[in-house]
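Down below is the structure, laid out as structure tokens.
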Amino acid sequence: MHPVVETQGLTKRFGPHLALDGIDLSIAAGEIFGYLGPNGAGKTTTIRILAGLLQPSAGRAAVLGLDVVRQRDLMQARLGYLPGNFVGYDDLSGEQYLRYLANLRGGVEWHVVVTMAKRLDLDLGRRIGVLSHGNRQKVGIVQALMHHPELVILDEPTTGLDPIIQREFLGLLADVRDAGGTVFLSSHILSEVEAVADRVGIIRDGRLVVVESVERLKHRAVRRMDLTFVGAPPLEVLSSVAGVREVTSSGSTAHLAVEGSTAKLLAVAAPHGIEQIVTHEPDLEEIFLAYYERTDRLA
Ligand SMILES: Nc1ncnc2c1ncn2[C@@H]1O[C@H](COP(=O)(O)OP(=O)(O)OP(=O)(O)O)[C@@H](O)[C@H]1O
Ligand SMILES: [Mg+2]
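Numbers 1 to 299, taken from UniProt numbering, label the letters of the sequence shown in order.
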């Protein structure tokens with residue numbers, strides 16, 4: 001089976017500026033893929049090429065097995081797309097606007113729109129022009145999903161959504177995947193997508209720094225632990241264990257940051273008499289930032 005999204009050496013120049021520098025990506029059907037990176041990294045540029053709105057300078061991209069340049073129209077008809085700067089039509093109500101798009105596209109069951117609007121707490125009767133940024137974003141989300149496209153591409157969809165709506169929105173994406181669809185979404189923040197994404201790619205300065213499953217990222221994430229010993233904590237012994245990144249202490253408690261498995265650490269520490277172990281959930285944000293730092297050092 002074709003990958004749903006496939007890019008090879010995808011490159012984009014704006015004049016002398018290299019916005020994308022040879023992006024190789026492959027996303028399978030039924031995946032939720034989070035595309036992460038800081039401001040100016042190239043997320044929107046990638047997404048606009050995938051949506052057929054911008055032509056690459058070099059390399060190629062195929063979506064649903066269709067070339068995004070040569071077979072653009074066929075490809076776009078099978079896509080759901082939320083641009084980063086979604087505005088809609090100020091003078092129309094949410095309902096008027098969505099009915100208009102539904103009639104243009106066909107294949108939309110109105111009750112799907114109503115249910116989605118309810119889940120997102122969106123009042124379809126209000127004029128788009130008077131909606132807050134977050135509520136306007138909800139109209140954009142509904143138009144991207146309402147026709148059950150095989151692939152949904154969303155550029156920073158969670159911007160402006162409050163935490164409860166954000167969770168509801170991630171639930172909608174999980175429904176897309178459960179129905180066999182594929183989702184590609186960009187974000188600045190890993191924690192916004194980690195609950196729902198199967199894999200994430202981190203882009204920086206137009207280059208993919210890493211593509212990894214969220215599960216593996218979690219496994220490699222730095223985990224914080226507090227070990228309380230019967231006597232004084234054996235700090236030197238602890239800091240010599242592979243994977244231990246940081247050791248400090250207060251009284252008989254050692255505070256550690258550990259990358260990967262903690263089994264080895266516990267085996268080494270046990271003979272010294274452990275009274276209490278407290279482990280904290282790994283913070284993915286830390287590993288996310290570490291990738292940025294690492295590329296900084298390489299640059
Ligand atoms: N039309 C354009 N003309 C010139 N430069 C552009 C154009 N569009 C994007 N760029 C540049 O390409 C780089 C990538 O921009 P892009 O919008 O893809 O970043 P992004 O990852 O979406 O950032 P953000 O998180 O701020 O949305 C930036 O340096 C940007 O200034
Ligand atoms: Mg952007």
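Beta carbons are placed, not taken as given, at the ideal position from N, Cα and C, and that holds for glycine.
- Taking one beta carbon from each stretch, the stretch 215-227 and the stretch 57-71 have fewer than 3 pairs nearer than 8 Å; the two do not touch.
- When only Cα atoms are considered, G273 and A29 end up about 51 Å apart.
- Rounded to whole angstroms, the separation of the alpha carbons of Q276 and T262 is 15 Å.
- For L54, there is no enclosing alpha helix (DSSP H), as DSSP marks it with neither H nor E.
- Sorted by position in the chain, F14, A19, N39, G40, A41, G42, K43, T44, T45 make up the residues whose C-beta lies under 5 Å from a heavy atom of ligand 1.
- A residue is called buried when at least 16 other Cβ atoms come within 10 angstroms of its Cβ; H133 does not meet this threshold and is exposed.
- The beta carbon of T228 sits closer than 6 Å to the beta carbons of S252, T253, E275, Q276 from its chain, once the five residues preceding and following it are set aside; these are given in chain order.
- Straight through space, the alpha carbons of L265 and V247 are spaced by roughly 12 Å.
- The nearest non-hydrogen atom of ligand 2 is 7 Å or more from the C-beta of G160.
- Straight across, the Cα-Cα distance linking H17 with L25 is about 22 Å.
- Between F169 and T182, the C-beta spacing is not below 8 Å.
- A269 is the residue among A269, R207, A179 whose C-alpha sits nearest the C-alpha of D226.
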